[in-house]
Amino acid sequence: MSKESLDIAWMIIAAAFVMSMQLGFCFLESGMVRAKNSINVAIKNLADFCVSAAIFWLVGFGIMFGSSQWGLFGSGFFFFQTDRDWWLAAFFIFQLVFCGTAITIISGAVAERMRFNAYLVITVFTSGLVYPFFGHWAWGGIIPGTESGWLAKLGFLDFAGSTVVHSTGGWVALAAVIIIGPRVGQLDSPERKIQGHNLTLAAAGVLVLWFGWIGFNGGSTLEFNNDVPKVIANTIISGAFGGVTAMLTAYFYYKQTRAAALMNGIIGGLVSITSCCNVVSAPSAALIGVAAGIICFYGMHLLEKMKIDDAVGAVSAHAFCGAWGTIAVALLGEPERWSTGLSRSDQLTAQLLGIATCFVWSFGTAYVFFKLLNKFTKLRVTEEEELAGLNVSEHGATTELIDLITEMDRQQRAGTFAKRVHVEPHTEVGQIAAEYNRVLNRIEEEFKKREIATQKARESQADAIRANEVKSDFLANMSHELRTPLGIIMGYVELIQEDLKDGEAMVQPEDLTTISNAGHHLLHLINGVLDISKIESGQMEVYPVSVDIKHLLKELKLTVQPLIKENNNSLLVEMSEGIDHLVADEVKLQQCLLNLLSNAAKFTKNGTITLRVYRKSWNNGIESFYFEVEDTGIGMNEAQTEMIFQAFTQADTSTTRKYGGTGLGLAITKSFCQIMGGDVTVTTEVGKGSCFKMRLPTNLEAQEEPVVLEVESTIAIK
Numbered sequence: 001m002s003k004e005s006l007d008i009a010w011m012i013i014a015a016a017f018v019m020s021m022q023l024g025f026c027f028l029e030s031g032m033v034r035a036k037n038s039i040n041v042a043i044k045n046l047a048d049f050c051v052s053a054a055i056f057w058l059v060g061f062g063i064m065f066g067s068s069q070w071g072l073f074g075s076g077f078f079f080f081q082t083d084r085d086w087w088l089a090a091f092f093i094f095q096l097v098f099c100g101t102a103i104t105i106i107s108g109a110v111a112e113r114m115r116f117n118a119y120l121v122i123t124v125f126t127s128g129l130v131y132p133f134f135g136h137w138a139w140g141g142i143i144p145g146t147e148s149g150w151l152a153k154l155g156f157l158d159f160a161g162s163t164v165v166h167s168t169g170g171w172v173a174l175a176a177v178i179i180i181g182p183r184v185g186q187l188d189s190p191e192r193k194i195q196g197h198n199l200t201l202a203a204a205g206v207l208v209l210w211f212g213w214i215g216f217n218g219g220s221t222l223e224f225n226n227d228v229p230k231v232i233a234n235t236i237i238s239g240a241f242g243g244v245t246a247m248l249t250a251y252f253y254y255k256q257t258r259a260a261a262l263m264n265g266i267i268g269g270l271v272s273i274t275s276c277c278n279v280v281s282a283p284s285a286a287l288i289g290v291a292a293g294i295i296c297f298y299g300m301h302l303l304e305k306m307k308i309d310d311a312v313g314a315v316s317a318h319a320f321c322g323a324w325g326t327i328a329v330a331l332l333g334e335p336e337r338w339s340t341g342l343s344r345s346d347q348l349t350a351q352l353l354g355i356a357t358c359f360v361w362s363f364g365t366a367y368v369f370f371k372l373l374n375k376f377t378k379l380r381v382t383e384e385e386e387l388a389g390l391n392v393s394e395h396g397a398t399t400e401l402i403d404l405i406t407e408m409d410r411q412q413r414a415g416t417f418a419k420r421v422h423v424e425p426h427t428e429v430g431q432i433a434a435e436y437n438r439v440l441n442r443i444e445e446e447f448k449k450r451e452i453a454t455q456k457a458r459e460s461q462a463d464a465i466r467a468n469e470v471k472s473d474f475l476a477n478m479s480h481e482l483r484t485p486l487g488i489i490m491g492y493v494e495l496i497q498e499d500l501k502d503g504e505a506m507v508q509p510e511d512l513t514t515i516s517n518a519g520h521h522l523l524h525l526i527n528g529v530l531d532i533s534k535i536e537s538g539q540m541e542v543y544p545v546s547v548d549i550k551h552l553l554k555e556l557k558l559t560v561q562p563l564i565k566e567n568n569n570s571l572l573v574e575m576s577e578g579i580d581h582l583v584a585d586e587v588k589l590q591q592c593l594l595n596l597l598s599n600a601a602k603f604t605k606n607g608t609i610t611l612r613v614y615r616k617s618w619n620n621g622i623e624s625f626y627f628e629v630e631d632t633g634i635g636m637n638e639a640q641t642e643m644i645f646q647a648f649t650q651a652d653t654s655t656t657r658k659y660g661g662t663g664l665g666l667a668i669t670k671s672f673c674q675i676m677g678g679d680v681t682v683t684t685e686v687g688k689g690s691c692f693k694m695r696l697p698t699n700l701e702a703q704e705e706p707v708v709l710e711v712e713s714t715i716a717i718k
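Take the sequence shown: its position 641, counting from 1, is numbered 641 in the UniProt record's numbering, and each next residue is one higher.
What follows is the structure in structure tokens.
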């Protein structure tokens, strides 16, 4: 085999390697998106290669490699005839697959929200205009007998296309994602990112890309020479170090290994070495990969902070890392291999100029074109179509999994699960559907059991309500029945006591006193039970009237005076200035205050009992009345305080034996306060006394809780 034949064979084999990268991109991008968009991504990868290959054959190859016109574009080679020259035909094939690679970079970035027809227009625009024009500026003149493009004349070097192929595709992708905007829900929360549905497939895609890159860089020698092993070795080394660096960076950042970071780090390393793999040493290739891994990782974070949604990280891996690799030609390349005759600083200037030109041309023209195109035909699908998935909305394509999810969604929307989902036999999705139906069956069984239990609970509740009504009726009837004879007994006892004042009688006075006290005690107990019964049955009614506060306090002072003196106590009544009337149930208010004062008098000896009445005004306009009964009695501990307002209880049994009482007074007081829209609380300390604070609204409708209070000055009532 001749040298020329070997070179042609190597270019064709390398082209086959590069074409396999279409499969790699298809795997990578399909795996990195959600399942509902995977078919759309795969079809775009297939269609864009078809369209770009057609456009490149028609005009792209001629613009890029034809005879240069002023170093701006080529002429000739349009509708390229493949039988004119074997080497030229092999070169055309090799460059055609390069064009397809540049275009498919865009597919991943705009995934999950761009219309398919709009993407095809972008493919035509990029493969027919953006890519071949810049390609001519950098690579024009490769074909013998043609002149170089203007960038190549200035010494710009890009061996296999870090900038020409990858940055061009990356900058066009950046313009597209900026215009179409982020995916629905992607930027709503930093914790909940949209995840790819099949990272295993994506990882396989990266390996296929890595394999294809052997031809991408190795074939760029355009002949099978001594540089091929070096180029391929540098390519693999840079990709490996890019992956390792990105993986470690992600680990230190997230405290775990992230699959996307590793995959994009490998691609970033491969992209970066593409422009300089023929002019750097192996250690330099490793260093280029390390820097690429860092650039790729933080480039993705930069785009996220800028609210730019790149679905697969294409911009950071291809545009950013492509620019870095092009700079590395001047920074780490061996000058004797440049063949430009430039110093390192001059070479760096040429590289930076090429990078800037690529950005301005690729991003600028694409941005303007996409803006105009978006006015005539929307680049983005509707939100409903995006949520449904582009597989269905763009292609009418579906999968067993999507069908299952659709059926489940239909059930959810209808609110009924009576109809089970379809089970496709002998498939994984069919097994999921079968298990889902089993779960529905179990839920249905449990629901029926709960319905039975709920019905029984309702019946039990109804029985309890009826029993409570019977109890309330019984207590009410018993109280009414007992009140009459007790009233008669009390009347006769009082008559006998009057007769005893006039002479002797068989009944001793102390016996009659005992009978009278017992009767009063029993009557008080029955009244308390009756009140509790009415409260529990919901029959207690409130009769709000305008209460004269000063008059009420004077009557209370006279009423409780005997109780106060019984234990040698003194009573002090205080009231704020400006208080006249209160809208409340006067009978219940009076009973509450009597209960509190009686309670204080009973548990205090040789002390002071203070009744305070004041009003508090709040910043929201609400006013409340407060009645405080403070004593210097025995006080209570924390455990006693927790149960003091429960019916039929006192602080403990010893107080009942020592001081007497039924334990109903405070329970009734609290219930009455709550019925009138207020409440009662207590603060106490053992051995120092207690303070009961009763709050009532100024009227029965003002029940809001206060926020900030203003207390008026108090004066004593004489």
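Beta carbons are placed, not taken as given, at the ideal position from N, Cα and C, and that holds for glycine.
Spatial neighbours of ILE267 within its chain, please: C-beta separation below 6 Å, excluding the five flanking residues on both sides.
ALA317
Name the DSSP bridge partner or partners of MET19?
DSSP output for MET19 lists no bridge partner at all.
Does DSSP put CYS99 in a helix, in a strand, or in coil?
helix
Looking at the secondary structure, which residues open and close the alpha helix (DSSP H) in which CYS592 lies?
586-602
Alpha helix (DSSP H) runs contained entirely in the segment 212-240, provided each spans 4 or more residues
none
Below 8 Å, can you find three or more Cβ-Cβ pairs linking the segment 308-323 to the segment 154-171?
yes
Less than 8 Å separating the beta-carbons of GLY243 and GLY196?
no
What number of angstroms, rounded off, separates the C-alpha of ALA173 from the C-alpha of VAL360?
13 Å
How long is the line joining the alpha carbons of THR82 and ALA160, rounded to whole angstroms?
23 Å
Considering only the alpha carbon of each residue, which of ALA15, ALA42, ALA16 and LYS36 lies closest to LEU28?
ALA42
Rounded to the nearest angstrom, what separates LEU556 and LEU593 at their Cα positions?
8 Å
8 Å Cβ cutoff met for PHE216 and MET21:
yes
Please classify TYR131 as buried or exposed, where buried requires at least 16 other C-beta atoms within 10 Å of its C-beta.
buried
Using 10 angstroms around the beta-carbon of GLU336, count the other beta-carbons present and answer buried if the total reaches 16, otherwise exposed.
exposed
Report yes if the C-beta distance between residue 719 and ASP631 is below 8 Å; otherwise report no.
Examination of residue 719 is not possible in this model, given that the chain is present from 1 through 718 alone.
Given this structure, state the Cα-to-Cα distance separating ASN568 from GLU577, to the nearest angstrom.
30 Å
Residues of its chain near LEU572, where Cβ-Cβ distance is below 8 Å and the 5 sequence neighbours each way are ignored:
THR608, ILE609, THR610, LEU611 and ALA716
List the endpoints of the continuous beta strand (DSSP E) containing GLY74.
73-75
Quick check: the segment 105-125 against the segment 61-70, are there 3 or more CB pairs under 8 Å?
no
DSSP three-state call for VAL545: helix, strand or coil?
strand
By the three-class DSSP mapping on this structure, what secondary structure does GLU630 have?
strand
Three-state secondary structure assigned by DSSP to THR655
At THR655, the pLDDT of 48 sits below 50, so the modelled position is not reliable; the number obtained from the coordinates is stated separately. If DSSP states are grouped into helix, strand and coil, THR655 belongs with the helices.
Close Cβ partners of ALA176 (< 8 Å) along its chain, the five nearest in sequence each way excluded
ILE106, ALA109, VAL110, MET114, ILE122, ALA366, PHE370 and LEU379
Apart from the five residues just before and just after SER546, which ones in its own chain have a Cβ nearer than 7 Å to its Cβ?
HIS581 and VAL583
Straight-line Cα distance separating GLY678 from PRO697:
6 Å
Hey, LEU23 and VAL208 are a contact pair by Cβ (cut 8 Å); roughly how many whole angstroms apart?
5 Å
For the beta strand (DSSP E) that contains LEU571, what are its first and last residues?
570-576
Buried or exposed, going by whether 16 or more other CB atoms sit within 10 Å of the CB of GLU4?
exposed
Length-filtered (3 minimum) beta strand (DSSP E) runs lying within the segment 329-400:
none
For LEU270 and MET247, believed in contact at Cβ under 8 Å, the rounded distance:
Incorrect: roughly 15 Å between the Cβ atoms, too far for contact.
Work out the CA separation of THR274 and TYR298 for me, nearest whole Å.
21 Å
Among ALA350, ALA152, GLU424 and PRO562, nearest to LEU401 - alpha-carbon criterion
GLU424
Beta-carbon spacing of PHE49, THR126 below 8 Å:
no
Can you list, in chain order, the residues of its chain whose CB lies under 6 Å from that of CYS26, leaving out five sequence neighbours each side?
ALA42 and ASN45
PHE92 versus ALA102: straight-line alpha-carbon distance, rounded
15 Å
Going straight from the alpha carbon of ALA388 to that of PHE672, what length do you get?
60 Å
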